[in-house]
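*Asks:* Quick note: the sequence shown uses my numbering, first residue 16, plus one each step.
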Amino acid sequence: QLQLVQSGGGLVQPGGSLRLSCARSGIMLRLYAMGWYRQAPGNQRELVARIARSGANRNYADSVKGRFTISRDNAENTVFLQMNSLKPEDTAVYYCNSDPPDSTSWGQGTQVTVSS
């Protein structure tokens, strides 16, 4: 089980930016490919961005490509999601987890609300 601590998120106007962080103490995150997932009300949870263990390869859902950037700092055991040009449809609870996800490590997630 990965015990992941998330921070960031909140309320932002359309076009704004937010940065999410996901930290883990103990087991080194560098052992895992990591992903950011989100779940909007009434929708299934979806993977929006993933990053390889080394950080060399990154993949994005089409809906966020060009706006979101996933990164990691293995020395600090932290994964980030920079979200720019946010849209109301980005409103969701965001989670970090390994990729593929560990079913015991979802946590409570972080609410992101994009609204004017």
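Yeah, the Cβ is synthetic: ideal placement off N, Cα and C, and Gly gets one too.
Predicted model, so just to flag it, every value in this text is computed and none were measured.
Looking at the secondary structure, which residues open and close the beta strand (DSSP E) in which residue 104 lies?
*Replies:* Run containing residue 104: none; DSSP gives neither H nor E here.
*Asks:* Taking residue 86 as part of the beta strand (DSSP E), name the residues at either end of that continuous run.
*Replies:* 83-88 is the span of the beta strand (DSSP E), which, as asked, contains residue 86.
*Asks:* Under 8 Å between the Cβ atoms of residue 64 and residue 95?
*Replies:* Cβ atoms of residue 64 and residue 95: not closer than 8 Å.
*Asks:* So, with DSSP's three-state summary, where would you put residue 60?
*Replies:* Residue 60: coil per DSSP, three-state reduction.
*Asks:* Taking 8 Å as the threshold, find out whether the stretch 32-42 comes into contact with the stretch 85-94 through three or more Cβ pairs.
*Replies:* Touching, yes, given that three or more Cβ pairs across the two stretches are closer than 8 Å.
*Asks:* Span of the beta strand (DSSP E) holding residue 79?
*Replies:* No beta strand (DSSP E) holds residue 79; DSSP gives it neither H nor E.
*Asks:* Check the DSSP bridge columns for residue 38 and list the partner residues they point to.
*Replies:* According to DSSP, residue 38 bridges with 20 and 93.
*Asks:* Hey, would you say residue 102 sits closer than 8 Å to residue 127, going by beta carbons?
*Replies:* No, they are not a contact pair.
*Asks:* With DSSP as the reference, identify every bridge partner of residue 125, one or two as the case may be.
*Replies:* Per DSSP, 109.
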